[in-house]
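In what follows, a structure is listed as structure tokens, so that the remarks can point back to it.
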Amino acid sequence: MLSASALLVGAPLSNAAGGPLEGPAGHATVVEPRQIDEVALPALEELLTTQLPDGSFQDPWRGRIGGSGLTRVVWVALRQASRLSGQEAQARIEAASRSLALGTELTQVLPKWPLAMVFDDHLETLLGDYAPLQSELEDLGHLHASGVADFCFQRKGCFNNYVLAGELLNLELAQTHLGTTDRAARLAEPHLAQRTLGWMAHTLPRSTSETATVSVPGVGRREAAALSDPSVYPLAYQALCTAMLTRASYLAGARAPAGMRRLEMDALWELLGMTAPNGEISWMGRGQDVVWSLAASFYAALQGSTLVQASQPELASRLRGLAAIDLTALRERLGAPGLRPRALTGVHGSSGVDFYYGPIGMASLALVWIELAREATATARGPIGPLPSAQRGAWTSDVRRTGLLTLRRGDVWLGVSVRRFGTDPRTGWGLLRALRLNRAGTWDSLLAAMPLPESHGVTPQAGPLLLSGHRASQPETQSATITPAGIVVQGAWRPGTRAVRARWAWSARGSGAQLTSTCPRRHSLRFTEWLPSTGPLRREEDRISQGPFAVAFSRPIAVSLLPGRYASARDTTLRAYRVTVACDGRPLRVIWTGSQPAPA
Numbered sequence: 006m007l008s009a010s011a012l013l014v015g016a017p018l019s020n021a022a023g024g025p026l027e028g029p030a031g032h033a034t035v036v037e038p039r040q041i042d043e044v045a046l047p048a049l050e051e052l053l054t055t056q057l058p059d060g061s062f063q064d065p066w067r068g069r070i071g072g073s074g075l076t077r078v079v080w081v082a083l084r085q086a087s088r089l090s091g092q093e094a095q096a097r098i099e100a101a102s103r104s105l106a107l108g109t110e111l112t113q114v115l116p117k118w119p120l121a122m123v124f125d126d127h128l129e130t131l132l133g134d135y136a137p138l139q140s141e142l143e144d145l146g147h148l149h150a151s152g153v154a155d156f157c158f159q160r161k162g163c164f165n166n167y168v169l170a171g172e173l174l175n176l177e178l179a180q181t182h183l184g185t186t187d188r189a190a191r192l193a194e195p196h197l198a199q200r201t202l203g204w205m206a207h208t209l210p211r212s213t214s215e216t217a218t219v220s221v222p223g224v225g226r227r228e229a230a231a232l233s234d235p236s237v238y239p240l241a242y243q244a245l246c247t248a249m250l251t252r253a254s255y256l257a258g259a260r261a262p263a264g265m266r267r268l269e270m271d272a273l274w275e276l277l278g279m280t281a282p283n284g285e286i287s288w289m290g291r292g293q294d295v296v297w298s299l300a301a302s303f304y305a306a307l308q309g310s311t312l313v314q315a316s317q318p319e320l321a322s323r324l325r326g327l328a329a330i331d332l333t334a335l336r337e338r339l340g341a342p343g344l345r346p347r348a349l350t351g352v353h354g355s356s357g358v359d360f361y362y363g364p365i366g367m368a369s370l371a372l373v374w375i376e377l378a379r380e381a382t383a384t385a386r387g388p389i390g391p392l393p394s395a396q397r398g399a400w401t402s403d404v405r406r407t408g409l410l411t412l413r414r415g416d417v418w419l420g421v422s423v424r425r426f427g428t429d430p431r432t433g434w435g436l437l438r439a440l441r442l443n444r445a446g447t448w449d450s451l452l453a454a455m456p457l458p459e460s461h462g463v464t465p466q467a468g469p470l471l472l473s474g475h476r477a478s479q480p481e482t483q484s485a486t487i488t489p490a491g492i493v494v495q496g497a498w499r500p501g502t503r504a505v506r507a508r509w510a511w512s513a514r515g516s517g518a519q520l521t522s523t524c525p526r527r528h529s530l531r532f533t534e535w536l537p538s539t540g541p542l543r544r545e546e547d548r549i550s551q552g553p554f555a556v557a558f559s560r561p562i563a564v565s566l567l568p569g570r571y572a573s574a575r576d577t578t579l580r581a582y583r584v585t586v587a588c589d590g591r592p593l594r595v596i597w598t599g600s601q602p603a604p605a
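For the sequence shown, the positions run 6 to 605 when my numbering is used.
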């Protein structure tokens, strides 16, 4: 049996009796189980209202789903039933039984993990006849990932989040104490847990890169690691993978190898460093604003704080601060079909959200992480610290691997990418996210969230692109640093007959985010600005604005509306405007300002 004890802090810190969910930095605090129940119980009740008599679910975007079972709902429902009574408990048990009657989601790896936790938590007796489920887990062997992800999952040496899910499944199975006579089954491996922990200590770190740095005033610099799907490393999946590694570290306890413990701490620092001050983690890449990324971050922060308390109390205190922010954000997401799929209220429909997401699938996975976090509340106690992004002068840099940099200057926070991945604007080059602290103490977006790429056609690059005649050249990064001037990138525009050297710097300017760019004589710069289709475009000689956003340039501009329909997770209808500026050799300044509320 794996130990679930060590790596944990031995004795609670001060204020063990509890305190407010959120408090100023330095206050002792604890997240109470009741505070998690205030989110998890009504969220599942709302979700279960969508269950059909045959056990499937009616998703508001995707229609009927769960025709082969929905295992995440099964585990969450049974888990909640175990601490409830009467009709509340019975309704959850019946919902779990109806879903299981349809199946256990074929041979998909990620859904099998919650099934193993049914036996880890000794919930199987709530089901009545649990023998078929036990037999399936005992004989569980070769599995698959969903869609195109299966190509990597099946290839030795390739890594994506499903590979990590498969290894976590091994640890959960080892925890169940089930046995098998099937030689092809996972449980037939005599040293399953030990082999899995060795993989997490030696192979998993090679799948990522401990190349990031988090710099916090008064604390110094800390090494960090982006644990996510190469080569894009989307931030939503950083939260997911960090949560899975945290669960594995918790199950391993004192048996966690040194390499696994080091990666856990580095991944937690990266999670902190990349989180925006309003709690957003999935502001770059696919999974933009997805609700389960908040829940995964919540679990990783709360459980992670207990794992690192003894060795890194500074990290632990800031993780508790992140957990408090995440739980507040999750409470604000309560709504149909349990947890609202969008951060902004009043934004409806599936436009701007990755095609393979559905609200019920998102909410059910989020509830898994929320329920897992509940068991960490007894030990996640101690001082609460601020997010790095909440401190002026803090920054995070991972230029070598993800190409992401974040910076807090004054009341402005910036998220910049200096690498470009494909044609998805969410993984494009340049300023991807910018927030400003307003007088009310909440955060506003300074530019619209980057849209999904068009389903047909080519999505324009945000720029700045360098125009020479009819040829447009892309920016290419050679180096990126944090200086008093902000995030400074040295590079060139390519391709072309020759590279044109360039320098770009992003900084805070008053109430906005500013780019200062090289603008070589006899050339022009081209930008694409996405603005919500709220009212008419307001255009001036050097400025455009629409809805809550405005973009100002230090020189006269030419503007044209591009064809196509665009949408992000925060704006279901965006217009793309092409802005062209003639260069005279002097640097060009661009300032983005905005007032759109930015809840996580």
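Note that CB positions come from ideal geometry on N, CA and C, so glycine has one too.
Keep in mind that this is a model prediction, so the values were computed, not measured.
Quiz prompt | Pairwise C-alpha distance: T247 and L566 | solution = Spanning the two alpha carbons is a distance of roughly 41 Å.
Practice problem: Alpha carbon to alpha carbon, how far is E215 from L178? Give it in angstroms, no decimals. | Solution: C-alpha of L178 to C-alpha of E215: approximately 29 Å in a straight line.
Quiz item: Which whole-angstrom value describes the C-beta separation of V81 and E380, a residue pair presumed to lie in contact below a C-beta threshold of 8 Å?
Solution: In fact, because the Cβ distance is near 13 Å, the residues do not count as touching under 8 Å.
Practice problem: Can you grab the Cα-Cα spacing for the pair D589 / R526, in whole Å? | Solution: So the alpha carbons of these two residues sit roughly 5 Å apart.
Practice problem: Can you tell me which of the three DSSP states W288 falls into? | Solution: coil
Quiz item: Does DSSP put G171 in a helix, a strand or coil?
Solution: helix
Practice problem: Determine the direct distance from the alpha carbon of L436 to that of A467, and round the result to whole angstroms. | Solution: 9 Å
Quiz item: Since F554 sits in a beta bridge, which residues does DSSP pair it with?
Solution: Q551, G599
Self-check item: Contacting residues, own chain, Cβ-Cβ under 7 Å from G552 (five flanking each side not counted)
Solution: L536, P537, T539, G540
Quiz item: What do you reckon, are the CB atoms on L457 and A48 nearer than 8 Å?
Solution: no
Quiz item: How big is the Cα-Cα spacing for G152 and G357?
Solution: 20 Å
Quiz item: For T432 versus M279, is the C-beta spacing smaller than 8 Å?
Solution: Against a cut-off of 8 Å, the Cβ pair of M279 and T432 comes out as no contact.
Quiz item: Helix, strand or coil for I1 per DSSP?
Solution: This structure leaves residue 1 out entirely; the chain is present only between 6 and 605.
Exercise. Sort V564, R560, A507 by Cα distance to I596 and report the nearest one.
Key: R560
Practice problem: Starting from the Cα of S140, find the closest Cα among T185, E43, E50 and give me that residue. | Solution: Sorting T185, E43, E50 by C-alpha distance to the C-alpha of S140 places T185 at the top.
Quiz prompt | Rounded straight-line distance, which links the Cα of D576 to that of P604 | solution = 13 Å
Quiz item: With 16 other CB atoms within 10 Å as the buried threshold, where does A106 fall?
Solution: That one is exposed.
Quiz item: Does the Cβ-Cβ distance between G363 and R67 come in under 8 Å?
Solution: yes
Practice problem: Using the DSSP secondary-structure output, state which residues sit across from Q466 in a beta bridge. | Solution: Bridge partners of Q466: none, in fact.
Exercise. Select from A371, R425, Y255, D449 the residue whose C-alpha is nearest the C-alpha of S516.
Key: Residue nearest to S516 within the set A371, R425, Y255, D449 is D449 (criterion: CA-CA distance).
Quiz item: Under three-state DSSP, which class holds A305?
Solution: helix
Practice problem: On a CA-only basis, which of D125, R188, S233 is nearest N165? Give me that one, please. | Solution: S233
Quiz item: How would you call L57, buried or exposed, if buried means at least 16 neighbouring beta carbons within 10 angstroms?
Solution: exposed
Practice problem: Pick out whichever of V114, G91, L120 has its Cα sitting closest to the Cα of A101. | Solution: L120
Quiz item: Since G225 is in the alpha helix (DSSP H), which residue starts that stretch and which ends it?
Solution: Per DSSP, G225 belongs to no alpha helix (DSSP H); it is in the beta strand (DSSP E), 225-229.
Exercise. Mark Q243 as exposed unless 16 or more other C-beta atoms lie within 10 angstroms of its C-beta, in which case mark it buried.
Key: buried
Self-check item: Host alpha helix (DSSP H) of A383 (start-end)
Solution: Unbroken run through A383: none, as it is neither H nor E.
Quiz item: For V564, which option in F532, T181, P592 has the closest C-alpha, if you only look at C-alpha atoms?
Solution: The residue with the shortest Cα to Cα distance from V564 is F532.
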